[in-house]
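Position 107, counted from 1, in the sequence shown is what this note's numbering calls 107; the numbers after and before it change by one each time, with no gaps.
These notes are about the structure you will find just below.
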Amino acid sequence: MRERVERVQAALRAYGSTADVVELPVPAPTAAAAAAQLGCPVGAIANSLVFTAAGEPLLVLTSGAHRVDTRLVARLLDVSRNKIRRADPDYVLTVTGQEVGGVAPVGHPGPVRTLIDTTLAAYDHVWAGAGMPHTVFRTTFAELVSITGGEPAVVADERDAPA
Numbered sequence: 001m002r003e004r005v006e007r008v009q010a011a012l013r014a015y016g017s018t019a020d021v022v023e024l025p026v027p028a029p030t031a032a033a034a035a036a037q038l039g040c041p042v043g044a045i046a047n048s049l050v051f052t053a054a055g056e057p058l059l060v061l062t063s064g065a066h067r068v069d070t071r072l073v074a075r076l077l078d079v080s081r082n083k084i085r086r087a088d089p090d091y092v093l094t095v096t097g098q099e100v101g102g103v104a105p106v107g108h109p110g111p112v113r114t115l116i117d118t119t120l121a122a123y124d125h126v127w128a129g130a131g132m133p134h135t136v137f138r139t140t141f142a143e144l145v146s147i148t149g150g151e152p153a154v155v156a157d158e159r160d161a162p163a
C-alpha cells in the first residue's frame, strides 16, 4: 500500500512539484472529513472522481463543495450524457493504481484524461489525494493543471453547492 504513496510523491517530483505528501491522523474518504482535519474550507479539497466517458477513463478533479454534473461533462466532451458513468472501485484501481477514497491526480500506471474544476482556482492552495485515504498533498490550481496536463472546466452547477 505504501508504494502507492511513493509513486505519487515520485510523480510530483518528476513534474517539478515541491509538494510533500502529508499523512492525516485518520482516513478522510470525504471532502468534509479531509477539510476538518486540515482546517481548510471544504471547497479547497480537490476530489478525484473517476468516470468512464464513451468507454475511456476520465478523471475529474472537483471542488469538495461540488457534485460533478454529468450533463456539463458530456457537453464538454461532446458525448451523450448516458456515455458518462461513474467508475466502479475495480475500474478505479485498474486505471489509477489507487483505491477509491485515496485517488491522487498523478502517479497512475498510464495517462488519464483529466478535467479540473475551475472553482478550485478561487483558493490560494488546494489539497488533493495522495494515493491512500489518509494521505494528501497541498498544491495550487495552476500546479494541478500543469502536473496532470488537465483541462480547466466547469464541471458542476454552482446551484448544487452545499450552503
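Ideal placement from N, C-alpha and C gives every residue a C-beta, glycine not left out.
Bear in mind that the values here come from a model prediction, so they are computed numbers and not experimental data.
Residues bridged to residue i [DSSP beta-bridge criterion]
i	result
ASP69	ASP69 is not bridged to any residue.
PRO133	For PRO133, which the question treats as bridged, DSSP gives no partner whatsoever.
ILE45	TRP127
PHE51	LEU58 and ARG86
PRO152	ILE116
THR139	VAL126
Residue range of the alpha helix (DSSP H) that includes residue i
i	result
THR176	Only positions 1 to 163 of the chain appear in the structure, and residue 176 is not among them; the question remains open.
Buried versus exposed call for residue i [16 or more other C-beta atoms within 10 Å across all chains shown]
i	result
ALA142	exposed
ALA31	buried
THR135	buried
GLY149	exposed
ALA10	exposed
GLY102	buried
Endpoints, the beta strand (DSSP E) within which residue i is located
i	result
VAL21	21-23
- When the Cβ atoms of the stretch 14-22 are set against those of the stretch 47-65, are three or more pairs found closer than 8 Å? no
- Counting Cβ pairs closer than 8 Å, one from the stretch 74-88 and one from the stretch 116-124, do we hit at least three? no
- Message: So, does the stretch 84-91 touch the stretch 119-128, judging by three or more C-beta pairs under 8 Å?
- Response: no
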